[in-house]
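Protein chains in written order, with my numbering: chain A, 4 to 251; chain B, 46 to 440; chain C, 832 to 939. Every residue gets a Cβ at the ideal spot worked out from N, C-alpha and C, and that includes glycine.
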Amino acid sequence: MSVGLLFDATRCIGCEACSAACKEQNGLPLPIEPETTAYTFTTVSQREGLNVRSLCMHCLEPTCVSVCPVGALSKTAQGPVVYDAKKCIGCRYCIMACPFGVPKYQWDRAVPVVGKCTLCSDRVAAGLATACATVCPTGATMFGERDALVAEARARIDASPGQYVDHVYGVEEAGGTSVLMLSSVPFERLGLATDLPRQPLPMLTWQVLSKVPDFVALAGAFLYGVFWITRRREAVEEARRTEGGGPR
Amino acid sequence: MTGATARRFTRLGFWAYVFALLLLLLVGVTALRFSRGLGATTNLSDRFPWGLWIGFDVLCGVGLAAGAFTLTSVVHLFNLRRFEPIVRPTVLTAFLGYAFVIVALLFDLGQPWRIWHALVFWNPRSVMFEVAWCVMLYTTVLALELSPVVFERFRLAGPQRLMRGVYTPLVIVGVILSTLHQSSLGSLYLIVPSKLHPLWYSPLLPFYFFISAIGAGLGMVVIESHLSGRAFGRRLEMHLLEPLGRAMVVVLGVYGLLRFLALRRNGALAELLAPGYEASMFLLEVGLGVVLPVVLLSLPRIRRSERGLVASAFLAILGFVMNRLNVAVTGMERAAGMRYLPSWMEVAVSVGLVAVGFAVFALAARHLPIFPEAAEAAAEPDEEAPGAIPASLPA
Amino acid sequence: MNALYAASALLALVALGAPMRLPNVVYDKATDAPGPVRFDHRTHAERVANKCVSCHPQTFSILRPTRRASHAEMEASRSCGVCHDGKVAFGVQDAERCETCHDTGGGR
Chain A
4 MSVGLLFDAT
14 RCIGCEACSA
24 ACKEQNGLPL
34 PIEPETTAYT
44 FTTVSQREGL
54 NVRSLCMHCL
64 EPTCVSVCPV
74 GALSKTAQGP
84 VVYDAKKCIG
94 CRYCIMACPF
104 GVPKYQWDRA
114 VPVVGKCTLC
124 SDRVAAGLAT
134 ACATVCPTGA
144 TMFGERDALV
154 AEARARIDAS
164 PGQYVDHVYG
174 VEEAGGTSVL
184 MLSSVPFERL
194 GLATDLPRQP
204 LPMLTWQVLS
214 KVPDFVALAG
224 AFLYGVFWIT
234 RRREAVEEAR
244 RTEGGGPR
Chain B
46 MTGATARRFT
56 RLGFWAYVFA
66 LLLLLLVGVT
76 ALRFSRGLGA
86 TTNLSDRFPW
96 GLWIGFDVLC
106 GVGLAAGAFT
116 LTSVVHLFNL
126 RRFEPIVRPT
136 VLTAFLGYAF
146 VIVALLFDLG
156 QPWRIWHALV
166 FWNPRSVMFE
176 VAWCVMLYTT
186 VLALELSPVV
196 FERFRLAGPQ
206 RLMRGVYTPL
216 VIVGVILSTL
226 HQSSLGSLYL
236 IVPSKLHPLW
246 YSPLLPFYFF
256 ISAIGAGLGM
266 VVIESHLSGR
276 AFGRRLEMHL
286 LEPLGRAMVV
296 VLGVYGLLRF
306 LALRRNGALA
316 ELLAPGYEAS
326 MFLLEVGLGV
336 VLPVVLLSLP
346 RIRRSERGLV
356 ASAFLAILGF
366 VMNRLNVAVT
376 GMERAAGMRY
386 LPSWMEVAVS
396 VGLVAVGFAV
406 FALAARHLPI
416 FPEAAEAAAE
426 PDEEAPGAIP
436 ASLPA
Chain C
832 MNALYAASAL
842 LALVALGAPM
852 RLPNVVYDKA
862 TDAPGPVRFD
872 HRTHAERVAN
882 KCVSCHPQTF
892 SILRPTRRAS
902 HAEMEASRSC
912 GVCHDGKVAF
922 GVQDAERCET
932 CHDTGGGR
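Next comes the structure, spelled out in structure tokens:
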């Protein structure tokens, strides 16, 4: 039972009710900035005649969660990728690594934290929909179970094939995301990343990290072996030099 | 006061002024950094969250201290004893290098007072977590490897005996730790295949970082010996350093070949032929920093001359620094949609910290038995010291 | 579970081709008021070209709409008074406009 959002760009009228609700829900200061920042978790912008939302994609296997050295980011069982500001040391690896460019930083603060959409995890835990989905007047942003949303998105494409690009963004990208999108123009023209692998990115570093224990064991054995051999050689030479004297 | 002495004094005076200025700048920028935050003091932003302090201070600082693990394994594990005299200064350089990295991190982290969090909050799936632990542990190992020097200075026989017992396991642990995090600094960038430019991205990044660290470490040993020689009026031990020059040919040669093969596998060769910013930076890095030193050091005449060896080592280190900066900055600029240049305050911190490192090295070399002659002077033959104290401990 | 119902309800609404969902708020009738106020969301939204940020969330909560508003607040340039100040839109003290907002029960 994992939730998500379906954003249908063809239904968005750019009213920014979602941004306003997000500000209120998270207690963020106004104004709503043109691009997402640590103080504006979601924005709407016009591209190619469509209105497009920018927000955290809440990946199924989040890159940010895997790179955080102190585990400040985590994906709850219900789906939202949440941030624990109390653990964060400010290394900004999450900002560097996120393929969607989502996490943002409070560069202006002496005690800064990361800011990003949290899929209203508190509301979701209480059985409510996200703030943005609750207020969206056209239903462009829809909240629900991810599987149901994927099915709904597919159904819309099948029902009106000329109206949509034949692709539900977020089903496969970076291993799949909880936030899905539909569009009538190709997604890269909306500014969305389309060169992402279908495999979750954390696999790329886990492939290397998972070999560390083996490496430590093998290297330790090898290096000790080298040491032992060279010591033996030295001891043998020493014995030979002392002309038939005992070992060492 | 003779003319030579007077000249040396004024030369020292000039550098003292430079150092004082850098220190002053460092203190001022530190105050700004911690009162006004990162945005006010750096050119970092959401689009470019990592800059000079990561690309140079962390990536280069850690790599340049690789001379220690290379040399300690060569001397104590592969038992090539003749390099023993340069182990101590190399380990000191490495220790100061890692201290430099940690202090630089205190500037770069958004909440540096939480730097200890990695000890308590674990995420073993994170490369950064592994780097943090390895750096902490290896800095400890380096401190322990240096402790005999301090014990010697203060004639602490008991601790010296203790260290002698654990020295070999210490060296083995040090080599393992150093290999792990030299390579995991490269692994940090495995996670951004869509962002790092194909001229530098490779699934073998950790391996490349490790090999280039060995090459740079060897170069650092040469340069550090040369600089210490100039400062303390000692001549370069050419019979020791020339073989290192030969080793550099092999290491850098293999590394260069691997990078070329990586380009072929990436399909990035076409990028090289088309003129462009990234292509130029790549050619500069590999041409000046890999091809040229390999060519120069393979010529015995150059390798056996002090100037030739030092110049080639310098080029190799330059190439290493360029590689790390290209990975951290140049290679990330296209995806970020912007060019990054550090602010003067970022530069002031990096340069200031390097200057402090030099000063601490000079102080340590003057007051601790880092160099072989000083060690011999410390071991006064008439005193009943427990056993002769060599320049470094045999295992 | 509530989320599921909400989603299904929304799905149904959308499938029926429902018009823009802009809830109209009914404010409680104060003791000395001529009648409750029925707020027409649609006309107000049109007046700001569907820019919700004109009022939300700084003047009116968007998630927890209030059902109380007093003339005192409005005269202090809060609540409806941000626009209904006599300049941007008619003032709340305009005695001839009481029934524009207050539903007195008589014919429209």
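**OP:** Evaluate C929 (chain C) with the Cβ neighbour count: other Cβ atoms within 10 Å of its Cβ, from every protein chain shown; 16 or more gives buried, anything less gives exposed.
**Re:** Stepping through the third sequence from its first residue, residue 929 (chain C) is reached at position 98. So C929 (chain C) counts as exposed.
Subject >> Minimum C-alpha distance to S257 (chain B) - residue among B:L314, B:V237, B:V336 and B:L286 >> reply: Taking the first residue of the second sequence as position 1, residue 257 (chain B) is located at position 212. For S257 (chain B), the nearest C-alpha among the options comes from B:V336.
Subject >> Contact check, V171 (chain A) vs R157 (chain A), beta carbons under 8 Å >> reply: Walking along the first sequence from the start, residue 171 (chain A) turns up at place 168. Walking along the first sequence from the start, residue 157 (chain A) turns up at place 154. Closer than 8 Å, so yes.
Original post:
CB C97 (chain A) to CB P106 (chain A), shorter than 8 Å?
Top reply: Along the first sequence, read from residue 1 onward, the residue named residue 97 (chain A) stands at position 94. Along the first sequence, read from residue 1 onward, the residue named residue 106 (chain A) stands at position 103. Yes, these two residues count as a Cβ contact at 8 Å.
Original post:
Is the CB of K78 (chain A) under 8 Å away from at least one CB in chain C?
Top reply: Within the first sequence, the letter at position 75 stands for residue 78 (chain A). Cβ-Cβ to chain C under 8 Å: no for K78 (chain A).
**OP:** Please classify S263 (chain A): does DSSP put it in a helix, a strand, or coil?
**Re:** In the structure displayed, chain A extends from 4 to 251; residue 263 (chain A) sits before or after that span and is not available.
Original post:
S437 (chain B) CB to nearest chain A CB: under 8 Å?
Top reply: One-based indexing of the second sequence puts residue 437 (chain B) at position 392. Confidence at S437 (chain B) is low in this model, with a pLDDT of 45, below 50, so the placement of that residue is unreliable and no value is reported for it.
Original post:
In chain D, which residues lie less than 7 Å from I160 (chain B) when you measure between Cβ atoms?
Top reply: Going by chain labels, chain D is absent from the structure shown, which instead holds the protein chains A, B and C.
Subject >> Extent of the continuous alpha helix (DSSP H) to which L226 (chain A) belongs >> reply: Here residue 226 (chain A) refers to the residue found at position 223 of the first sequence. L226 (chain A) -> alpha helix (DSSP H) spans V215 to R244.
Original post:
Relative to the alpha-carbon of V229 (chain A), which residue among B:S388, B:V216, B:A361 and B:C105 has its alpha-carbon at the smallest distance?
Top reply: Translated into the one-based positions of the first sequence, residue 229 (chain A) becomes position 226. It is B:V216.
**OP:** Let me know the secondary structure DSSP gives A849 (chain C) once reduced to three states.
**Re:** Reading the third sequence from its first residue, position 18 is the one you call residue 849 (chain C). Caution is warranted here: a pLDDT of 42 is assigned to A849 (chain C), below 50, making its placement in the model unreliable, and no coordinate value can be reported.
Subject >> Short-range partners of chain A found in the region 912–938 of chain C, where Cβ spacing is below 9 Å >> reply: none
**OP:** Sort out for me which residues DSSP pairs H933 (chain C) with in a bridge.
**Re:** Counting from one through the third sequence, the residue named residue 933 (chain C) turns up at place 102. Answer is C:V868, bridged to H933 (chain C).
Original post:
Rounded to the nearest angstrom, how far is the Cβ of L297 (chain B) from that of V331 (chain B), given a contact under 8 Å?
Top reply: The count along the second sequence starts at 1 and reaches residue 297 (chain B) at position 252. The count along the second sequence starts at 1 and reaches residue 331 (chain B) at position 286. Not a contact, Cβ separation roughly 10 Å.
Subject >> Where E148 (chain A) sits in the DSSP three-state scheme >> reply: In the first sequence, residue 148 (chain A) corresponds to position 145, counting from 1. If DSSP states are grouped into helix, strand and coil, E148 (chain A) belongs with the strands.
**OP:** Alpha carbon to alpha carbon, how far is I16 (chain A) from T141 (chain A)? Give it in angstroms, no decimals.
**Re:** Taking the first residue of the first sequence as 1, we reach residue 141 (chain A) at position 138. Taking the first residue of the first sequence as 1, we reach residue 16 (chain A) at position 13. Their Cα atoms are separated by approximately 8 Å.
**OP:** Apply the 10 Å Cβ neighbour rule to G219 (chain B) and answer buried if 16 or more other Cβ atoms are within range, or exposed otherwise.
**Re:** Position 174 of the second sequence, counted from the start, is the residue given in the question as residue 219 (chain B). Buried: at least 16 other Cβ atoms inside 10 Å.
Subject >> Span of the alpha helix (DSSP H), counted from its first residue to its last, around M905 (chain C) >> reply: Within the third sequence, the letter at position 74 stands for residue 905 (chain C). First-last of the alpha helix (DSSP H) with M905 (chain C): H902 to E906.
**OP:** Identify every residue that forms a DSSP beta bridge with T180 (chain A).
**Re:** Within the first sequence, residue 180 (chain A) is the residue found at index 177, counting from 1. DSSP, once it has assigned bridges, lists A:C62 as partnering T180 (chain A).
Original post:
The alpha helix (DSSP H) spanning G298 (chain B) covers which residue range?
Top reply: By one-based count along the second sequence, residue 298 (chain B) stands at place 253. Run containing G298 (chain B): M283 to N311, per the alpha helix (DSSP H) assignment.
Original post:
Which residue spans inside the region 87–151 of chain B form an unbroken alpha helix (DSSP H) run of at least 4?
Top reply: 104–109 and 112–121
Original post:
Looking at the structure shown, is F199 (chain B) part of a helix, part of a strand, or coil, going by DSSP?
Top reply: Here residue 199 (chain B) corresponds to residue number 154 of the second sequence, with the count starting at 1. If DSSP states are grouped into helix, strand and coil, F199 (chain B) belongs with coil.
Original post:
Given a threshold of 16 other Cβ atoms within 10 Å of its Cβ, counted over all protein chains shown, does A65 (chain B) qualify as buried or as exposed?
Top reply: Counting from one through the second sequence, the residue named residue 65 (chain B) turns up at place 20. Classification of A65 (chain B): exposed, given that the 10 Å Cβ count is below 16.
Original post:
Quick one, which of B:A407, B:M293 and B:I236 has its alpha-carbon nearest G264 (chain B)'s?
Top reply: Position 219 of the second sequence, counted from the first residue, corresponds to residue 264 (chain B). It is B:M293.
Subject >> Residue range of the unbroken alpha helix (DSSP H) whose run includes N54 (chain A) >> reply: As a first step, residue 54 (chain A) is located in the first sequence; it is residue number 51 there, counting from the start. Not the alpha helix (DSSP H): N54 (chain A) falls in the beta strand (DSSP E), residues L53 to S57.
**OP:** Give a yes or no on whether 8 Å exceeds the smallest Cβ distance from S186 (chain A) to chain C.
**Re:** Reading the first sequence from its first residue, position 183 is the one you call residue 186 (chain A). So, not an interface residue.
Original post:
Is any beta-carbon of chain A found at less than 8 Å from that of R31 (chain B)?
Top reply: Only positions 46 to 440 of chain B appear in the structure, and residue 31 (chain B) is not among them; the question remains open.
Original post:
Using 8 Å as the Cβ pair cut-off and three pairs as the minimum, do the region 21–31 of chain A and the region 184–204 of chain A touch?
Top reply: no
Original post:
Listed in chain order, which residues of the region 108–124 of chain B have Cβ atoms closer than 9 Å to some Cβ of chain A?
Top reply: S118, H121, L122, F123 and N124
Original post:
From B:I268, B:A393 and B:L413, pick the residue whose C-alpha is nearest to that of V355 (chain B); which is it?
Top reply: In the second sequence, the residue the question calls residue 355 (chain B) occupies position 310. Measuring from the Cα of V355 (chain B), the nearest candidate turns out to be B:I268.
Original post:
In or out: N855 (chain C) buried (at least 16 other Cβ within 10 Å) or exposed?
Top reply: Here residue 855 (chain C) refers to the residue found at position 24 when the third sequence is read from its first residue. N855 (chain C) is exposed by the Cβ-count criterion.
Subject >> Burial state of P216 (chain A) (16 or more Cβ within 10 Å) >> reply: By 1-based counting over the first sequence, the position of residue 216 (chain A) is 213. So P216 (chain A) counts as exposed.
Original post:
Should P164 (chain A) be flagged as near chain C, meaning a C-beta pair shorter than 8 Å?
Top reply: The residue labelled residue 164 (chain A) in the question sits at position 161 within the first sequence. Taking Cβ atoms only, chain C never reaches closer than 8 Å to P164 (chain A), which makes this a no.
**OP:** Could you tell me whether any Cβ in chain A is nearer than 8 Å to the Cβ of N881 (chain C)?
**Re:** As a first step, residue 881 (chain C) must be located in the third sequence, where it is residue number 50. Answer yes: the Cβ-Cβ gap between N881 (chain C) and chain A drops below 8 Å somewhere.
**OP:** Could you give the DSSP three-state label for K26 (chain A): helix, strand or coil?
**Re:** On the first sequence, position 23 is the one that residue 26 (chain A) refers to. The answer is helix: DSSP assigns K26 (chain A) an H, G or I state.
Original post:
Going by Cα to Cα distance, which pick from A:G178, A:G223, A:S186 and A:A224 is closest to P205 (chain A)?
Top reply: Taking the first sequence and counting its residues from 1, the one referred to as residue 205 (chain A) is at position 202. Ranking A:G178, A:G223, A:S186 and A:A224 by Cα distance to P205 (chain A) puts A:G178 first.
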